[in-house]
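Engineer: Would you mind keeping the following structure in view while I ask a few things?
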């Protein structure tokens, strides 16, 4: 078993892949430097500080509360809208910058700063504590510094961010997305008692149910309206207590979303749906200020209701209203609509001046080479021609000049305008500041990836040199993919590249198949072969072309065409019987192949029948629970109601146990023939087939119901490809292209928001980062995993050298893809879309290179590489 000596370069190249990723990531995702300590008030010169308007705050976060959920005519927040009309609530659309996931958004809301993109990874690892804000300046820390008491109920991300901060708390896990009710009831049951207590200054509630509904069934789910109405009833309960309870008379109530959601119910990206969150400041005190607005209203732009503010603006606004120093690292601007709460213009100027001085300190810390001494500033640049920093300098100089002039009646108004101009310019300067990259580590990571490419190249070159046409095609696709990574639009629409490249590959296979079959026509049947074989080849090519065209329209993905009609969302919603007929056909075909793969074993056949039936019932029950709109008009509706009382967790575990038993049986069968020579290849192929069919059942279980028929299409494609008698290198190229193409056909993209969590909790009744991570990966990479296993069936009769060559080709493709993405991220690190396009692409590339390539492709071949 001389595997390592014969393939040391390939194995070393695969070992260098995670090393390159770790080194590059450590330079690409650093935390930005922060000013240490807590902010304090400067000594007042010639006057006292404006009084605090409120002494308590109730901060209610409804996870994924998109702006239209609260402000449109289709909203369930009827009471909240009545508060807007009465003038008791000031509404805004809060812009949540990417990445639009909970942890970085809470950091932005509490610190006022722009968090690191690395938080999108830390957001997934619920047990992580390295992202704590215990030592950073936040408005919670400012409250705690003056010995106030804080209370929190809901998403335990708050407990992770603020350990030891809360005097009373009850956290609920934010990742168990199958739970729509209990996760919110755990918050609501504490509200009546806490509203009676007067010992706290901040009550934080973070509701998760609306976000979970979005992940499972999208924003148009039938559960969505009732959940909005439930949240609105909480608003009513809190506001009534604020009016009635004496100790709540000076309380500010803030209702907001941490982010929104896209049309698929997911978030993490930068689309309008994901970045547009609702924000309301509520208090009976607002009524006397005459700030009534209409509600509901129409959006002035895509999901933009009323005025749009930055989510970071919440921090200085809360600080001003509560009489707190603005946190040191805040980049927020006090929301000017709330300045009306102070009667005197001098008090409003004081509030904005504190905000301006705080933001000026952050600019000086980030740009120490720039001076803001009025005597040294030369405002000679014309508007529009100067840099942002020069405009900030000029704006500060103008403030200084206005403060030196004798005050007139309208002086405070002009000073306010100048201060707001400076604040907005400064906010833009600091928000657009490039990350603090470690360029040396970036280049070192790229170098390590380059070494991995060089190590995998010799073995790959020998293969390509012997296969001119497929080798040239592979090199062309690698070069095209690498070049494409340097353009943001192509990264967003990467699926188009794989769809078109596979069309070209089908054409090549057709030409090659015709030539191959023509050479093997015997003399006795020469005339018949000339007539019939091209017809068979053409039929196979047409079949591949049709099926791949269907795959292309199954799930519209990317950015440009994501909202276009497709089969999974548009067609099946109005043709439910067609969907379930195809689902039943897919399960029936899987069951048939399970039975055929081991016809002589009664135990195998019984387990196969039982597991397939259990899997279908689970899928039916699952859809009835989470996406009932797919069963409302189906002939299976009555059956779904009959089996709906059985626990989904139990059903999923039964399916998983059945699949595990079949895999174990296949492994036992294989172990008896693994070390035997060529005469037992048939048995080895049979055990591979058994494993493949058991894996298929597992992958179907982890896929959305609307994607289940895709496995039937895969089966058709597999049969056609098997009939073409493709060579070893052609099978490897087919595997690579199929893996990428089917990932996008399942609805995947290079946006964080396309990560599908709908099947991440199958069989799990409590959160586990390992199990949830595993099931999430399988659910999103089900198509690629299927084709990895199917390729092994296409190659079971191949030689030892071809098996080695397969791993060499996979490694060369994975390392070149990783190298090109790293190079693009490093070269474009100052690009406008670095955090919205290129950084998510790098995260996906990490998953492709480590989990899909090393774990699924390479480690899955170990038994085949062992002699």
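In the numbering used here, the protein residues as written are 704 to 1570.
Note that the Cβ used here is the ideal one computed from N, Cα and C, for glycine as well.
#1: So which of 1452, 728, 808 and 1516 has the shortest CA-CA distance to residue 1193?
#2: Counting pairs of Cβ atoms below 8 Å between the stretch 980 to 995 and the stretch 793 to 801, do you hit three or more?
#3: Considering only C-alpha positions, which residue in the set 715, 724 and 716 is nearest to residue 1529?
#4: Note down, in chain order, each residue of its chain lying with its Cβ closer than 7 Å to the Cβ of residue 1624, except the 5 sequence neighbours on either side.
#5: Rounded to a whole number of angstroms, what is the C-alpha to C-alpha distance between residue 1076 and residue 1032?
#6: Do you know how far the Cα of residue 919 is from the Cα of residue 1300?
#7: Which term fits residue 946, buried or exposed, when burial requires 16 or more other beta carbons within 10 angstroms of its beta carbon?
#8: Between the Cα of residue 1157 and those of 1516, 739 and 898, spot the shortest distance and give me the residue it belongs to.
#9: Looking only at DSSP bridge pairs, what is residue 983 linked to?
#10: Are there 16 or more other CB atoms within 10 angstroms of the CB of residue 1242, so buried, or fewer, so exposed?
#11: State whether the stretch 944 to 959 contacts the stretch 1358 to 1366, with contact taken as three or more CB pairs (one from each stretch) at a distance under 8 Å.
#12: Compare the beta carbon distance of residue 1038 and residue 795 with 9 Å and say whether it is the shorter of the two.
#13: Let me check understanding here. Comparing Cα to Cα, which of 1011, 791, 971 and 891 lies closest to residue 957?
#14: Within 10 angstroms of the Cβ of residue 777, are there 16 or more other Cβ atoms? Answer buried if so, exposed if not.
#15: Along the chain, which unbroken stretches of the beta strand (DSSP E) at least 3 residues long are found entirely within the stretch 1506 to 1532?
#16: Going straight from the alpha carbon of residue 1093 to that of residue 1106, what length do you get?
#17: Based on DSSP bridge pairs, tell me the residues matched to residue 857.
#18: Here's the rule I'm using: 16 or more other beta-carbon atoms within 10 Å means buried, otherwise exposed. How should residue 909 be labelled?
#19: Suppose you measure from the CA of residue 753 to the CA of residue 1191; what does that come to, to the nearest Å?
#20: Among 762, 786 and 774, whose alpha-carbon lies nearest the alpha-carbon of residue 809?
#21: Under the assumption that residue 944 contacts residue 898 (Cβ atoms under 8 Å), give the Cβ distance between them as a whole number of angstroms.
#22: Are the beta-carbon atoms belonging to residue 841 and residue 1030 less than 9 Å from one another?
#23: Quick check on the DSSP output: what are the complete alpha helix (DSSP H) runs of length 4 or more inside the stretch 1331 to 1371, in order along the chain?
#24: Check this for me: beta carbons of residue 1134 and residue 1034, under 9 Å apart or not?
#25: Are residue 1540 and residue 1195 closer than 9 Å when you measure CB to CB?
#26: Buried or exposed: where does residue 1143 fall if 16 or more other Cβ atoms within 10 Å of its Cβ makes it buried?
#27: Excluding the five sequence neighbours on either side, which residues of its own chain have a C-beta within less than 6 Å of the C-beta of residue 902, listed in chain order?
#28: Between residue 1476 and residue 1352, which are expected to be in contact by the criterion C-beta below 8 Å, what is the C-beta distance as a whole number of angstroms?
#29: From the DSSP output, in three-state form, read off residue 928 for me.
#30: Short of 8 Å in beta carbon distance, which residues of its chain neighbour residue 1324, apart from the five on each side in sequence? Order them along the chain.
#31: By Cβ distance below 7 Å, which residues in the same chain neighbour residue 1519 in space, the five residues on each side in sequence not counted?
#32: From this set, 926, 1176 and 1513, which residue's C-alpha is nearest residue 1553's C-alpha?
#33: Runs of 4 residues minimum, wholly inside the stretch 1023 to 1087: which ones carry the alpha helix (DSSP H) assignment?
#34: Please tell me whether residue 1438 and residue 1510 are closer than 9 Å, where the distance is taken between their beta carbons.
#35: For residue 1151 versus residue 722, is the C-beta spacing smaller than 9 Å?
#36: Is the number of C-beta pairs between the stretch 928 to 945 and the stretch 1325 to 1342 that are closer than 8 Å three or more?
Structural biologist: In brief:
#1: 1452
#2: yes
#3: 724
#4: Because residue 1624 is not part of the residues shown, which for the chain are 704 to 1570, the question remains open.
#5: 22 Å
#6: 35 Å
#7: exposed
#8: 1516
#9: 794 and 958
#10: exposed
#11: no
#12: yes
#13: 791
#14: exposed
#15: none
#16: 20 Å
#17: 874 and 909
#18: buried
#19: 48 Å
#20: 762
#21: 4 Å
#22: yes
#23: 1340 to 1346
#24: yes
#25: yes
#26: exposed
#27: 852
#28: The pair is not a contact, with the Cβ atoms about 18 Å apart (cut-off 8 Å).
#29: helix
#30: 1343, 1346, 1347, 1349, 1351 and 1354
#31: 1156, 1181 and 1185
#32: 1513
#33: 1048 to 1069
#34: no
#35: yes
#36: no
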